[in-house]
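Structure, as structure tokens:
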Ligand SMILES: Cc1cc2nc3c(=O)[nH]c(=O)nc-3n(C[C@H](O)[C@H](O)[C@H](O)COP(=O)(O)OP(=O)(O)OC[C@H]3O[C@@H](n4cnc5c(N)ncnc54)[C@H](O)[C@@H]3O)c2cc1C
């Protein structure tokens, strides 16, 4: 049965599987992994917009991933987010997929997706990948399920300190929405019966240089082995890094914030050597499986590459800061507290 709710409240009151773009859910239904009634969001108004105000970028959960990557306000003010949105999946998927669906999609583990196998995530007794073929899986251990978190947008929104608004008005930050990875049955921690309504991304400080990139095993239409987003701010007069934010995906069952990498950059001149030394810290704490040890070797190079691209990002496209402290990348007044 398919429900076509006309309001978000009506949608939230229905039981069943929520369908947005359907690019993940439909595949799981074809495999027999999801057999619940469908709650189709297509007729629910107000979920597919994007707005920028003095403090935040507001993105409806139904806004497309392509739209996010192509919006000039996102490209200018949230360059790492735009690059991540434009760098995931394929053009066809990005045009269909929604921001909400991308954040809340299920893992791509072949044991989980196999219709006849019952892994830990499906209520079984063990993580089949742990003892089996886990070539594309985690090299950090946050919990018993070793499927890497699938969402590139979750990674990027973590690095941008986004808040997620649910249908009942609750605001969750990304670490809370994603959960800590210890419950193998949950790929995220959206409370049962709740819907994701919108994502709110705070405006950053002026002068952000950002990059997103991934190590992959083939050129197109592939999930990343390792993916990295970096945001840097450099004091042009002193030539030193004043702030940094670095996060990594594809290596754990949740995207990982990398504060030690960021701390190793702050106060330093971002030379190749400094970036490489900071990037080397990204693999600290890794506990690879036999088949994922190669990822630990990939991490420092992938992080160094993205840090280098962020450092060298073209600043010409950003409006000049007049030194008053009032400007943001959007030409809007800076919000109180710099937020
Ligand atoms: C070849 C290929 C490569 C890919 N590579 C990548 C990649 O590199 N990075 C990446 O991130 N993704 C990748 N993907 C996955 C793709 O991005 C997702 O399938 C897509 O983003 C899901 O969005 P959707 O709107 O179609 O979600 P749907 O399939 O409609 O939904 C996905 C899940 O989210 C839930 N959901 C959706 N919206 C809401 C809401 N508003 N409230 C509550 N629950 C909701 C649904 O119930 C469902 O469980 C790839 C896919 C393919 C086919």
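Numbering (this note's numbering), first residue to last: 10 to 348.
Just so you know, even glycine gets a beta-carbon here, dropped at the ideal spot from N, CA and C.
- Task: Spatial neighbours of residue 152 within its chain, please: CB distance less than 8 angstroms, with the 5 preceding and 5 following residues excluded, ordered by chain position.
- Result: 189, 190, 191, 192, 193, 262
- Query: What separation, rounded to the nearest whole angstrom, lies between the Cα atoms of residue 82 and residue 61?
  - Reply: Rounded to whole angstroms, residue 82 to residue 61 spans 8 angstroms at the Cα level.
- Across which residues does DSSP place residue 1 in a beta bridge pair? The first residue shown for the chain is 10 and the last is 348, placing residue 1 beyond what the model contains.
- Task: Check whether the Cβ atoms of residue 222 and residue 243 lie closer than 8 angstroms to each other.
- Result: no
- Per-residue DSSP class, three states only, for residue 39: In this structure, residue 39 counts as helix in the three-state DSSP scheme.
- Excluding the 5 residues preceding and the 5 following residue 167 in the sequence, name in chain order all residues of the same chain whose CB lies nearer than 8 angstroms to its CB. 183, 184, 187, 256, 264, 266
- Task: For the beta strand (DSSP E) containing residue 28, list its first residue and its last residue.
- Result: 26-28
- Task: Closer than 6 angstroms by C-beta to residue 94: which residues in its own chain qualify, once you throw out the five before and the five after it? Chain order, please.
- Result: 74, 77, 78
- Query: Is DSSP giving residue 148 helix, strand or coil here?
  - Reply: coil
- residue 218 burial status per 10 Å Cβ neighbour count (16 or more: buried): buried
- Task: Please look up how many angstroms separate the CB atoms of residue 274 and residue 155, rounded, as I've assumed it's under 8 angstroms.
- Result: With a Cβ gap of about 30 angstroms, residue 274 and residue 155 do not count as contacting.
- Check whether the segment 161-178 touches the segment 309-317, taking contact to mean three or more Cβ pairs, one atom from each stretch, closer than 8 angstroms. no
- Query: Between residue 34 and residue 26, is the Cβ-Cβ spacing less than 8 angstroms?
  - Reply: yes
- Distance, residue 235 Cα to residue 103 Cα: 20 angstroms
- Task: Determine the contact status of residue 92 and residue 120, defining contact as a CB-CB distance below 8 angstroms.
- Result: no
- Query: With 16 as the cutoff for other CB atoms within 10 Å, does residue 319 come out buried or exposed?
  - Reply: Burial call: buried.
- Item | Nearest candidate by alpha-carbon position, reference residue 116, set 304, 205, 209, 197 | 197
- Query: Is it buried or exposed for residue 207, if we count other Cβ within 10 angstroms and need 16 for buried?
  - Reply: Buried, by the Cβ-count rule.
- Message: Shorter than 7 angstroms, the distance from the beta carbon of residue 147 to the closest heavy atom of ligand 1, or not?
- Response: Outside the cutoff, so no.
- Task: Please find out if some non-hydrogen atom of ligand 1 comes closer than 7 angstroms to the beta-carbon of residue 232.
- Result: yes
- Can you list, in chain order, the residues of its chain whose CB lies under 8 angstroms from that of residue 111, leaving out five sequence neighbours each side? Excluding sequence neighbours, residue 111 sits near 74, 97, 160, 161, 162, 163.
- Query: Just curious, the beta strand (DSSP E) that residue 66 is in, first and last residue?
  - Reply: 65-69
- Does the beta carbon of residue 28 fall short of 7 angstroms from some heavy atom of ligand 1? yes
- Compute the Euclidean distance between the alpha carbons of residue 276 and residue 224, then round it to the nearest angstrom. 28 angstroms
- Is there a Cβ from chain B that is less than 8 angstroms from the Cβ of residue 160? No chain B is present in this structure, which holds just one protein chain.
- Item | Any non-hydrogen atom of ligand 1 within 7 angstroms of residue 283 CB | no
- Assuming residue 50 and residue 71 make a contact with CB atoms under 8 angstroms, what is their CB distance in whole Å? 6 angstroms
- Item | Cβ-Cβ distance between residue 124 and residue 40 below 8 angstroms | yes
- Burial state of residue 327 (16 or more Cβ within 10 Å): At residue 327 the pLDDT is 46, less than 50, meaning the model places this residue with poor confidence; the figure from the coordinates comes in the next sentence. Buried, because 16 or more other Cβ atoms sit within 10 Å of the Cβ of residue 327.
- Query: Is residue 310 helix, strand or coil by DSSP?
  - Reply: helix
- Can you tell me which of the three DSSP states residue 327 falls into? Residue placement at residue 327 is poorly supported in this model, since its pLDDT is 46, which falls under 50; the coordinates are not used for a value here.
- Looking only at DSSP bridge pairs, what is residue 255 linked to? 239
- How is the beta strand (DSSP E) around residue 220 delimited, first residue to last? 218-224
- Got a sec, what are the start and stop residues for the alpha helix (DSSP H) residue 88 sits in? 88-96
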